[in-house]
Each structure stands twice: as C-alpha cells, then as structure tokens.
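>
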Amino acid sequence: MANIDITLNVNGKDHRVAVRSTEMLLEVLRDRLGYVGTNKVCAQGICGACTVIVDGKSTTSCLALAAQFDGARIITVEGLEHDGKLDPLQEAFMKHGAVQCGYCTPGFLMSARAFLNDNPHPTRTEIIDALRGNICRCTGYKKIIDAVEDVAARSAR
Ligand code: FES
Ligand code: FES
Numbered sequence: 032m033a034n035i036d037i038t039l040n041v042n043g044k045d046h047r048v049a050v051r052s053t054e055m056l057l058e059v060l061r062d063r064l065g066y067v068g069t070n071k072v073c074a075q076g077i078c079g080a081c082t083v084i085v086d087g088k089s090t091t092s093c094l095a096l097a098a099q100f101d102g103a104r105i106i107t108v109e110g111l112e113h114d115g116k117l118d119p120l121q122e123a124f125m126k127h128g129a130v131q132c133g134y135c136t137p138g139f140l141m142s143a144r145a146f147l148n149d150n151p152h153p154t155r156t157e158i159i160d161a162l163r164g165n166i167c168r169c170t171g172y173k174k175i176i177d178a179v180e181d182v183a184a185r186s187a188r
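Counting in the working numbering, the sequence shown runs from 32 upward without gaps.
1) Quick check: does the Cβ of residue 131 come within less than 6 Å of any heavy atom belonging to ligand 2?
2) I'd like to know if the region 59-69 and the region 98-109 are in contact, where contact means that at least 3 CB-CB pairs between them fall below 8 Å.
3) For residue 99, tell me which candidate among 131, 119, 141, 37 has the shortest Cα-Cα distance.
4) By the 10 Å Cβ neighbour count, where 16 or more other Cβ atoms means buried, how is residue 161 classified, buried or exposed?
5) Express the C-alpha separation of residue 97 and residue 80 in angstroms, rounding to a whole number.
6) Take residue 56 as the anchor and find which of 118, 92, 88, 77 has the nearest alpha-carbon.
7) Could you give the DSSP three-state label for residue 186: helix, strand or coil?
8) With a Cβ-Cβ cutoff of 7 Å, do residue 177 and residue 113 count as a contact?
9) At what residues does the beta strand (DSSP E) containing residue 39 begin and finish?
10) Taking Cβ positions, are residue 10 and residue 78 nearer each other than 7 Å?
11) Tell me the DSSP secondary structure of residue 104 in three-state form.
12) Taking its Cβ as the centre, do 16 or more other Cβ atoms sit within 10 Å of residue 132, making it buried, or is it exposed?
13) Let me know if residue 151 comes out buried or exposed under the rule of 16 or more other beta-carbons within 10 Å of its beta-carbon.
14) Which residues end up in the neighbourhood of ligand 1 when you take C-beta atoms closer than 7 Å to any of its heavy atoms?
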C-alpha cells in the first residue's frame with residue numbers, strides 16, 4: 032500500500048511525513064515524530080489520554096487517521112509551555128495536586144486548554160461536562176476540576 036505524504040505543523044514546527052493510510056495520528060506523533068507526551072492508554076477512544084488540539088479543537092488522536100490531517104496545526108502537551116513558562120493549567124494542576132501517576136494528565140490538560148480557549152469563563156458544571164471524555168484512575172476528578180476552575184477564575188479577574 033502506498034504511503035501518503037502529509038505535512039503536520041506540531042507546536043509551531045512543520046513536519047513532512049509519509050504515513051500509511053491506516054496509521055493513527057497518535058502513532059505518528061509518538062512513534063514517528065517523538066511527541067511522547069501524548070499518551071496511549073486505551074487506544075479505543077474511551078480514556079482521552081491521547082487528546083491533542085487540532086486546528087483549535089480537542090481531538091482523540093488514537094481514533095484519528097493521520098492522513099486526514101495534512102496541513103493541520105496540532106498542539107501537544109509539549110507545546111503548552113512557552114519560553115520556559117508553563118501554561119497556567121500546568122501550574123494549577125501542580126498547585127491543586129491534580130497529578131498522581133500522570134497517565135491521564137496530558138489529555139486532561141489538552142482538553143481543558145481547548146475548552147478554556149473557547150470558553151474562558153465557564154461554570155463548574157460546564158468544566159465537568161467538557162472533561163467527560165477524559166478518565167483519571169487516581170485523583171477522583173475533584174482536584175482536576177478545581178485546577179481548571181482556578182485558571183478560569185483567575186482569567187476572569
Ligand atoms: S488512548 Fe485515545 S482515548 Fe484512550
Ligand atoms: S493521575 Fe493517574 S490516571 Fe489520572
């Protein structure tokens with residue numbers, strides 16, 4: 032089967048890559064381009080650990096065929112930090128103890144970042160709804176929701 036040449040812009044950097052028609056975006060990001068912060072857990076679209084932001088929308092990369100994303104702008108968890116400064120969400124996750132094993136954390140951060148970009152001043156209920164696609168087996172969710180709410184509250188001031 033012939034490969035398909037695509038260009039992915041990941042965290043501001045263009046990557047030209049030849050992908051198989053069956054290759055998932057998650058595999059390309061992790062295994063071909065080295066963005067290993069995007070986690071593979073269920074690989075079935077259930078847990079959200081593989082979430083990245085594609086053209087502004089949170090996307091479950093384990094279910095997304097890479098060949099469909101030629102020209103897309105992708106942000107992975109590695110792209111949240113700028114000039115050595117963490118994203119406020121990363122700071123808040125640390126402050127609130129919202130990270131334990133960390134498997135789910137990149138996915139939560141990317142879902143929350145895409146959500147807050149669209150809706151900077153959400154209610155707690157809206158935050159809970161926005162993160163329904165992400166599973167955490169460690170923290171019990173409260174600390175994660177608290178962290179996102181903290182960032183939303185600070186941006187409202
Ligand atoms: S690894 Fe993609 S949703 Fe679980
Ligand atoms: S911190 Fe362990 S799964 Fe969420």
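In this text, a Cβ means the ideal position worked out from N, Cα and C, and glycines have one as well.
Taking the definition as stated:
1) It does: the Cβ of residue 131 is within 6 Å (strictly closer) of some heavy atom of ligand 2.
2) Verdict: yes, contact present.
3) Ranked by Cα distance from residue 99, the options 131, 119, 141, 37 are led by 37.
4) Buried, by the Cβ-count rule.
5) The alpha-carbon of residue 80 is positioned some 17 Å away from that of residue 97.
6) Out of 118, 92, 88, 77, 92 has the C-alpha closest to the C-alpha of residue 56.
7) Looking at residue 186 - three-state DSSP - the assignment turns out to be helix.
8) If you check the CB distance, residue 177 and residue 113 do not come in under 7 Å.
9) Segment 35-41, the beta strand (DSSP E) holding residue 39.
10) Only positions 32 to 188 of the chain appear in the structure, and residue 10 is not among them; the question remains open.
11) Reduced to three states, the DSSP call for residue 104 is strand.
12) Exposure of residue 132 is indicated by the presence of fewer than 16 other C-beta atoms within 10 angstroms of its C-beta.
13) Residue environment for residue 151: exposed (fewer than 16 other C-beta atoms within 10 angstroms of its C-beta).
14) Result (chain order): 57, 70, 71, 72, 73, 74, 75, 76, 77, 78, 79, 80, 81, 91, 92, 93, 94.
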